[in-house]
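Numbering (the working numbering), first residue to last: 536 to 1014.
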């Protein structure tokens, strides 16, 4: 079988280029050798979250607010307990009394009519002490206030739970941001090494006269771009690692995240109707809006006219004394009283202030109801987005895995074709770039599938440590 001279020349040239590569030809002048970033200790997502629970500043504020709200339950209960008060007073006082036409009778003195009595203290020492007990019986305004205080504590509890859920989701996002940044740097390192080899081979081929100088220019231009991307990936990795370190309190040098393998796609996913129902029942944001609406409605009831009518049990023990110099000499007056009974209070006129406050509270209740409807719609949209990401995530992973395999086959075929002269250096560089992009796309899709599941759980208020442990079980081994 006869071979053409062109085919023979191509084979010889390919063997020569392979020999050059084996000899590890030097790179272009001043070309920095990519440095492999040292690997830190791998830390699981649960470990990061537990560290963040102890260190995160946002959660620390939420913990303090939650603790401050708990004593309000005692305040609400105290509104219906008896109130006991002791009042005393002392000062200078004057008192003059006169009685005309009185009747006087006493044993041994008979009865006298048209008797006059007079007492006088012009400037004396007066003192008074009273012990008063009040037990509310009927007080609609106080009842509404008690409900408002309890709802305020419930709001604090719901906000605290929402902050914990948000911390879990925020920690997972930062963890996987770090994992993707590490993967991006690894891909850039491999791509940089491949482009450097291609640039060296192009230079050697040009020296042998096998390719045009254009190949060397294209390789050098692509090499500069990949170097810039590699440096940017390194900066991004340092930033993502520091952000995770700031929120967790762990040393940045000790942090290395792991990417998911995508095995969680085999876990059953809820139906869309079930996901919407779970979010409607357990979403922390919706619970906060419902509690705010209840509080606004109780505030409107507290300012209603009928809420101002009160009935109390009032018991009092009082003692008064006044002594000093008067018109008739030294005088001393004493008085004591004890009483217990029901007290009815009915406000008659307040200038319209109560009605104005009630109208304001009613408008605020309408605003809270509108806010609840708006939040319900937004949560439903978020649930649909997360559910769609979860439902199509498995198929997307399969497609991207096939795309990665095709990109790798294309890169290998292009490298072989370049050796025999059927492909250019630019074709090989494009194939390397597409292969790197396919690797990152697959890693991002795996992270997106995990985050969709976590977001769906958070929207239903069901994100917990067990869900994070399931993510750790799906983590890839160290590269």
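Positions of the beta carbon are idealized from the N, C-alpha and C atoms, including for glycine.
Can you tell me whether DSSP reads residue i as helix, strand or coil?
| i | result |
| --- | --- |
| residue 690 | helix |
| residue 955 | coil |
| residue 748 | helix |
| residue 965 | helix |
| residue 983 | helix |
| residue 806 | coil |
| residue 872 | strand |
| residue 865 | strand |
| residue 581 | helix |
| residue 927 | coil |
| residue 818 | coil |
| residue 644 | coil |
| residue 562 | Because residue 562 sits at a pLDDT of 37, beneath the cut-off of 50, its placement in the model cannot be relied upon, and the point is left open. |
| residue 685 | helix |
| residue 598 | helix |
| residue 788 | helix |
| residue 998 | coil |
| residue 842 | helix |
Hey, how far is the Cα of residue i from the Cα of residue j?
| i | j | result |
| --- | --- | --- |
| residue 975 | residue 998 | 27 Å |
| residue 838 | residue 899 | 13 Å |
| residue 671 | residue 685 | 19 Å |
| residue 726 | residue 920 | 34 Å |
| residue 620 | residue 593 | 43 Å |
| residue 941 | residue 793 | 25 Å |
| residue 791 | residue 775 | 11 Å |
| residue 694 | residue 979 | 31 Å |
| residue 645 | residue 885 | 56 Å |
| residue 815 | residue 929 | 26 Å |
| residue 608 | residue 697 | 20 Å |
| residue 949 | residue 766 | 27 Å |
| residue 796 | residue 1004 | 14 Å |
| residue 918 | residue 927 | 14 Å |
| residue 787 | residue 587 | 13 Å |
| residue 778 | residue 707 | 12 Å |
| residue 881 | residue 841 | 9 Å |
| residue 589 | residue 937 | 43 Å |
| residue 1000 | residue 922 | 21 Å |
| residue 934 | residue 835 | 57 Å |
| residue 798 | residue 613 | 55 Å |
| residue 924 | residue 931 | 9 Å |
| residue 496 | residue 692 | There is simply no residue 496 to check, as the chain begins at 536 and stops at 1014 in what is shown. |
| residue 743 | residue 711 | 47 Å |
| residue 876 | residue 664 | 20 Å |
| residue 969 | residue 719 | 14 Å |
| residue 704 | residue 781 | 16 Å |
Skipping 5 residues on each side, what residues in its chain have a beta carbon closer than 6 Å to that of residue i?
| i | result |
| --- | --- |
| residue 852 | 666 and 873 |
| residue 737 | 750, 751, 754 and 960 |
| residue 662 | 625 and 856 |
| residue 579 | 1007 |
| residue 831 | 899, 900 and 903 |
| residue 833 | 679, 682 and 683 |
| residue 674 | 845 |
| residue 785 | 586 |
| residue 632 | 654 |
| residue 761 | 726, 727 and 730 |
| residue 634 | 652 |
Going by DSSP, what residues sit across from residue i in a beta bridge?
| i | result |
| --- | --- |
| residue 618 | 669 |
| residue 795 | 1010 |
| residue 663 | 624 and 855 |
| residue 847 | 671 and 878 |
| residue 972 | Note: residue 972 sits in no beta bridge, so no partner. |
| residue 639 | 647 |
| residue 633 | 653 |
| residue 658 | 860 |
Can you give me the start and stop residues for the alpha helix (DSSP H) that residue i sits inside?
| i | result |
| --- | --- |
| residue 881 | From DSSP, residue 881 is part of no alpha helix (DSSP H); its letter is neither H nor E. |
| residue 801 | From DSSP, residue 801 is part of no alpha helix (DSSP H); its letter is neither H nor E. |
| residue 591 | No alpha helix (DSSP H) holds residue 591; DSSP gives it neither H nor E. |
| residue 609 | 607-613 |
With a CB to CB cut of under 7 Å and the five nearest residues on each side skipped, what residues in its chain are close to residue i?
| i | result |
| --- | --- |
| residue 628 | 659, 661 and 857 |
| residue 914 | 814, 818, 820, 821 and 994 |
| residue 1002 | 989 and 992 |
Hey, does residue i have any beta-carbon neighbour from chain B nearer than 8 Å?
| i | result |
| --- | --- |
| residue 650 | Protein chain content of the structure displayed is limited to a single chain, and chain B is not contained in it. |
For residue i, collect the residues of the same chain with a Cβ closer than 8 Å to its Cβ; drop the 5 residues on either side in sequence, then sort them by chain order.
| i | result |
| --- | --- |
| residue 729 | 967 |
| residue 1012 | 793 |
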